[in-house]
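**Q** Just so you know, the sequences run in chain order A and B. What the first sequence shows, in my numbering, is residues 707 to 924, in sequence order. What the second sequence shows, in my numbering, is residues 707 to 924, in sequence order.
Protein chains: 2
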Amino acid sequence: MGPLATVDFLHKLVRATPADADQDHVPLVVRFCPEVPDRVQALLHGGPSPAPALVAAAQALQAAGAQCLAMPCHTAHAWYDELAAGVGVPVLHIADVAIAAAAGHPGGVGLLCTLGTRQAGIYRRRGPGVAWVESSADEQDRCVGPGIRAAKLGRLAQACELLGEAARALVRRGAGVVLMGCTEIPLALTEAEAGVPLVDPTDVLARACVAWALEGAR
Amino acid sequence: MGPLATVDFLHKLVRATPADADQDHVPLVVRFCPEVPDRVQALLHGGPSPAPALVAAAQALQAAGAQCLAMPCHTAHAWYDELAAGVGVPVLHIADVAIAAAAGHPGGVGLLCTLGTRQAGIYRRRGPGVAWVESSADEQDRCVGPGIRAAKLGRLAQACELLGEAARALVRRGAGVVLMGCTEIPLALTEAEAGVPLVDPTDVLARACVAWALEGAR
Chain A
707 MGPLATVDFL HKLVRATPAD ADQDHVPLVV RFCPEVPDRV QALLHGGPSP APALVAAAQA
767 LQAAGAQCLA MPCHTAHAWY DELAAGVGVP VLHIADVAIA AAAGHPGGVG LLCTLGTRQA
827 GIYRRRGPGV AWVESSADEQ DRCVGPGIRA AKLGRLAQAC ELLGEAARAL VRRGAGVVLM
887 GCTEIPLALT EAEAGVPLVD PTDVLARACV AWALEGAR
Chain B
707 MGPLATVDFL HKLVRATPAD ADQDHVPLVV RFCPEVPDRV QALLHGGPSP APALVAAAQA
767 LQAAGAQCLA MPCHTAHAWY DELAAGVGVP VLHIADVAIA AAAGHPGGVG LLCTLGTRQA
827 GIYRRRGPGV AWVESSADEQ DRCVGPGIRA AKLGRLAQAC ELLGEAARAL VRRGAGVVLM
887 GCTEIPLALT EAEAGVPLVD PTDVLARACV AWALEGAR
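Below is the structure:
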């Protein structure tokens, strides 16, 4: 839902497409939906539910010809079930593709995400067997939350520093890989700053969309 | 129509939006249309007309709720009149906003563009009073065409070198500003390489969209 994260997703999707000419690319229809109410507010503070706006946007995409949907926003996946039930086409789940990409790394899987994503169990529910390593309440308040907000505002150096501190804390508690569970995080955080391999769910979701399109084209 | 150029346009639009929160952004609906036939082929070599696909895409955007349209592809503006006639909402013209941005610079206005854009008169027809400085046939074949193709393929350093050489040739013939009349060019060319101020129509068009949205919101 963060518009820069959507741009990042589209950039990664275009770069991941094997193409020699404009005509080789994947047909896309995209909505930037600022009308969707704040997801974290809804989950944590009883704000208005984003579900109706999300389902309406998904149905509009389907009406515009989309045959597969993807949503480059983790927190919005708290309403994945309503959304998937509201449309007649497959909806890729960002946590499923990200968890698959994190598999095979030694040690636990560190998770950086919004408090909303965490409390909704976006990752835990899709990966109950994963050895998750999560931020402490203090790390969340001091580093992860402010880091995500800084990335949303384009303050990427500040965001990288805050998120790097949070990532290194996960590594000290046994994470062998860090999953960037909010689409704003890959805009800022680097592997050099984190000190371990990072999984970028935006990139993995973009690649899954391209694979879906190529598969369908065969 | 080049998908990286569309991503660049969206990035510039998001960055140009005054926003403190996701909810402050402009609602957008976007189509990436690889099904549109090659514009330069159609203009120069009798290839199939892109007009039906362009009009269909514009109508689909209007059906999806778009109240103002913009097309971050210069060559496709050869079919601007058909497109504007086929929808019931305003369509911003990339040359109009770019010509306005180039005004006020001393000297001629250098124009780097595809042969299709040039032969269709996308810029000359919208700016008949402008002192245009254009590439020679040799510069077009040797630098501009290959530079644009390199940018489309993501070979940005090579593209910057080729396009820089073409820009400097325009400056030697009196250009005081260079208008980057193909949306792939700003992906690669820098003012340092060109040696004069550059007008980036992608950025100018993005700002015009934001201004339109803010104006409408008042």
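Glycine included, each C-beta is placed from N, C-alpha and C at the ideal position.
Going by the beta-carbon positions, is the gap between Ala807 of chain A and Val910 of chain A smaller than 8 angstroms?
**A** It is a contact, given that the beta carbons lie within the stated cut-off.
**Q** Could you check whether the Cβ of Cys739 of chain B sits closer than 8 angstroms to any Cβ belonging to chain A?
**A** True, the Cβ-Cβ gap to chain A drops below 8 angstroms.
**Q** Under DSSP, the alpha helix (DSSP H) around Pro716 of chain A begins and ends at which residues?
**A** The amino acid at residue 716 of chain A is misidentified as Pro; the sequence shows Leu. Pro709 to Arg721 is the extent of the alpha helix (DSSP H) around Leu716 of chain A.
**Q** Among the residues of its own chain, which have a CB less than 7 angstroms from the CB of Ala837 of chain A, if the five just before and after it don't count?
**A** Closer than 7 angstroms at the Cβ level, and outside the excluded window around Ala837 of chain A, lie Gly814 and Val815.
**Q** Would the beta-carbon of Pro903 of chain A fall within 8 angstroms of that of Val883 of chain A?
**A** Their beta carbons are under 8 angstroms apart, which means Pro903 of chain A touches Val883 of chain A by this criterion.
**Q** Strictly below 8 angstroms CB to CB, what residues from chain A border Gly887 of chain B?
**A** Under the 8 angstroms cutoff, chain A gives no residues; its nearest Cβ is about 17 angstroms from Gly887 of chain B.
**Q** Hey, Leu817 of chain B and Ala873 of chain B are a contact pair by Cβ (cut 8 angstroms); roughly how many whole angstroms apart?
**A** Contact doesn't hold; Cβ gap of about 10 angstroms is too wide.
**Q** Suppose the cutoff is 6 angstroms on Cβ atoms and the five residues either side in sequence are ignored; what does the same chain contact list for Arg879 of chain B look like?
**A** Val839, listed in sequence order.
**Q** When we look at the beta-carbon of Arg824 of chain B and count the other beta-carbons within 10 Å, is it buried (16 or more) or exposed?
**A** Flag for Arg824 of chain B reads buried.
**Q** Residues of chain A with a CB under 8 angstroms from the CB of His731 of chain B: which are they?
**A** Result: Pro709, Phe738 and Pro740.
**Q** CB Thr889 of chain A to CB His717 of chain A, shorter than 8 angstroms?
**A** No. Outside cutoff.
**Q** Looking at chain C, which residues of the segment 889–918 of chain B have a Cβ within less than 8 angstroms of any of its Cβ atoms?
**A** The structure shown contains no chain C; the protein chains it does contain are A and B.
**Q** Between Val720 of chain A and chain B, is there a C-beta pair that is closer than 8 angstroms?
**A** Chain B, which has a Cβ nearer than 8 angstroms to the Cβ of Val720 of chain A, makes this yes.
**Q** With Glu840 of chain B as the anchor, note down where its beta strand (DSSP E) starts and where it stops.
**A** First-last of the beta strand (DSSP E) with Glu840 of chain B: Trp838 to Glu840.
**Q** Taking the beta strand (DSSP E) that Val795 of chain A belongs to, which residues open and close that run?
**A** Unbroken run through Val795 of chain A: none, as it is neither H nor E.
**Q** With 16 as the cutoff for other CB atoms within 10 Å, does Arg831 of chain A come out buried or exposed?
**A** Burial call: exposed.
**Q** Indicate the three-state DSSP secondary structure (helix, strand or coil) for Val910 of chain A in the structure shown.
**A** The answer is helix: DSSP assigns Val910 of chain A an H, G or I state.
**Q** Quick test of your reading: His731 of chain A and Phe738 of chain B, contact by CB under 8 angstroms. State the CB separation rounded to the nearest angstrom.
**A** About 6 angstroms; that satisfies the 8 angstroms criterion.
**Q** Whose C-alpha, out of B:Ala894, B:Gly853 and B:Cys774, is nearest the C-alpha of Leu920 of chain B?
**A** Nearest C-alpha to Leu920 of chain B: B:Cys774.
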